[in-house]
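Each residue of the sequence shown is one higher than the last, beginning at 93 in our numbering.
C-beta atoms are modelled at their ideal positions from N, C-alpha and C, and glycine is treated no differently.
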Amino acid sequence: MAAAHDLEMESVNLNMGREMKEELEEEEKTREDSRGKGPAKNKKVHRVVSKWMLPEKSRITYLERANCFPPPVFIISISLAELAVFIYYAVWKPQNQWITLDTGILESPFIYCPEKREEAWRFISYMLVHAGVQHILGNLAMQLVLGIPLEMVHKGLRVGLVYLAGVIAGSLASSIFDPLKSLVGASGGVYALMGGYFMNVLVNFREMIPAFGIFRLLIIILIIASDMGFALYRRFFVPANGSPVSFAAHIAGGFAGMSIGYTVFSCFDKALLKDPRFWTAIAAYLACVLFAVFFNIFLSPAN
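Below, the structure is given as structure tokens:
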């Protein structure tokens, strides 16, 4: 027993020694970078981002070519657009939007309405409109905290592809599974980013969760639970004189992220268009889109 105990303690000490050695090496690299010129001064930020966004085997490639050009323009731009639309309907076109929906938003040209499905832009533009302060703050917090690091690593084109895939999947799924309800919010795009990211975390769990990662993960789960709770409230417990809003976009956006998003984010150091998984995910996504279009034209109760 004593020998086993000694072996166990020796193993613990070796692990602690290895971790301390890695930390010292990283600090030394940071000092070397700080003495360098140009973009090398930002290496510490890129190392932190790489730990969260990439498995270990891809970090070296990322750090060799890491830079902030182009900056995360897509996520910042889409967030500013959503905030501007919210301020317009809450301030310049006053109503009770601070808590839930009201007449101004329901008549907006952006919102997805079942009876106006022939206006195809609404299947995307609904992401600009939100149902209250809690709704927009939750979406903005998640897409900025997660989207900016993702865009630093994968750049705007890939992040934009995943985000918009979630937005379109959200409105089409809502038109099928909740065909008589309106739809607002960017939750489809936000959940697509989260779905793609968390699939990578699950596949590469040991490599992508740094110290205290579980605690931070619980915070993110709490935010998701809060957002889902608010969505369920808007759908099932809205006042009698209000207008229920579908929550199907959350689920559909998550599935879009777990398929297309996972494929895109796992191909960091590979040519995306040469990956057969990408084309498989795209083919499945397009099949679902075609079915949704057929359903809306010929089978929808909203007709």
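| query | result |
| --- | --- |
| Terminal residues of the alpha helix (DSSP H) in which ARG209 lies | Segment: none, ARG209 is in no alpha helix (DSSP H) and carries neither H nor E. |
| Sub-7 Å separation of GLY239 and ILE167 beta-carbons | yes |
| When TYR255, ASP270, ALA265 and ALA261 are compared against GLY288, the one with the closest alpha-carbon | TYR255 |
| Pairwise C-alpha distance: PHE386 and HIS227 | 31 Å |
| PRO241 - containing alpha helix (DSSP H), residue span | 225-269 |
| Nearest candidate by alpha-carbon position, reference ALA394, set ALA182, VAL141 and ARG209 | ARG209 |
| Cβ neighbours of PRO206 in the same chain (closer than 8 Å, five flanking residues each side left out) | SER267, PRO271, LEU272, LYS273, SER274, SER392 and ALA394 |
| Simplified DSSP assignment, three categories, for LEU272 | coil |
| Which of helix, strand or coil DSSP assigns to ILE203 | coil |
| Residue from TYR218, GLN235 and SER279 with nearest C-alpha to ILE197 | TYR218 |
| Limits of the unbroken alpha helix (DSSP H) element including MET219 | Premise fails: MET219 is in no alpha helix (DSSP H) and is neither H nor E. |
| Residue from PRO147, ALA284, LYS136 and CYS380 whose Cα sits closest to the Cα of VAL295 | PRO147 |
| Rounded straight-line distance, which links the Cα of LYS135 to that of GLY128 | The predicted position of GLY128 is uncertain, since its pLDDT is 44 and thus under 50; a value taken from the coordinates is nonetheless stated next. If I take the Cα positions, the gap works out to 10 Å. |
| LEU146 in three-state terms, based on DSSP | coil |
| Simplified DSSP assignment, three categories, for ALA340 | helix |
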